[in-house]
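In the working numbering, each residue's number is its place in the sequence shown (first place is 1) plus 720.
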Amino acid sequence: LLFPIGHPQQVYFMKEIEHLEKIEPHAVYPTSIYRQSDGCTVATHDSQKIEAVMSTTLSTSIRIASHVLAFQSTLLAEIYRPLGRVVMIIDDKLTDAEYTTDYVKTSTNE
721 LLFPIGHPQQ
731 VYFMKEIEHL
741 EKIEPHAVYP
751 TSIYRQSDGC
761 TVATHDSQKI
771 EAVMSTTLST
781 SIRIASHVLA
791 FQSTLLAEIY
801 RPLGRVVMII
811 DDKLTDAEYT
821 TDYVKTSTNE
């Protein structure tokens, strides 16, 4: 923020940022390539009148694929690896004996 450390306005805005971080993390840390925000602020020379416009664009990518959740499928890994993300699916309907004991073995396909 553009206020000196400890300035009342700086303290106020830091509290607001911490609040936003909890209720809407994307407002502080944009994490989706599918959601982009933009804005423009204009003011008179003496800043007595300030106007702003903000917009959000949501986009999507659609792929038609079969057996995406199969262990051999690398589609989700190919999509999320460049983003530094991981996809983990836990389903309480799994019937494989390996997953029905007290110990759950985790594996990765990439």
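Note that beta-carbon positions come from the ideal geometry of N, C-alpha and C, so glycine has one too. In this text, all values refer to a predicted model and were calculated from it rather than measured experimentally.
Euclidean distance between Cα positions of Q730 and R805: 33 Å
Beta-carbon gap between T780 and Y800 smaller than 8 Å: no
Distance between F723 and V748 (C-alpha atoms, nearest Å): 18 Å
Cα-Cα separation between C760 and L789, rounded to whole angstroms: 42 Å
Coarse secondary structure for V788, derived from DSSP in three states: coil
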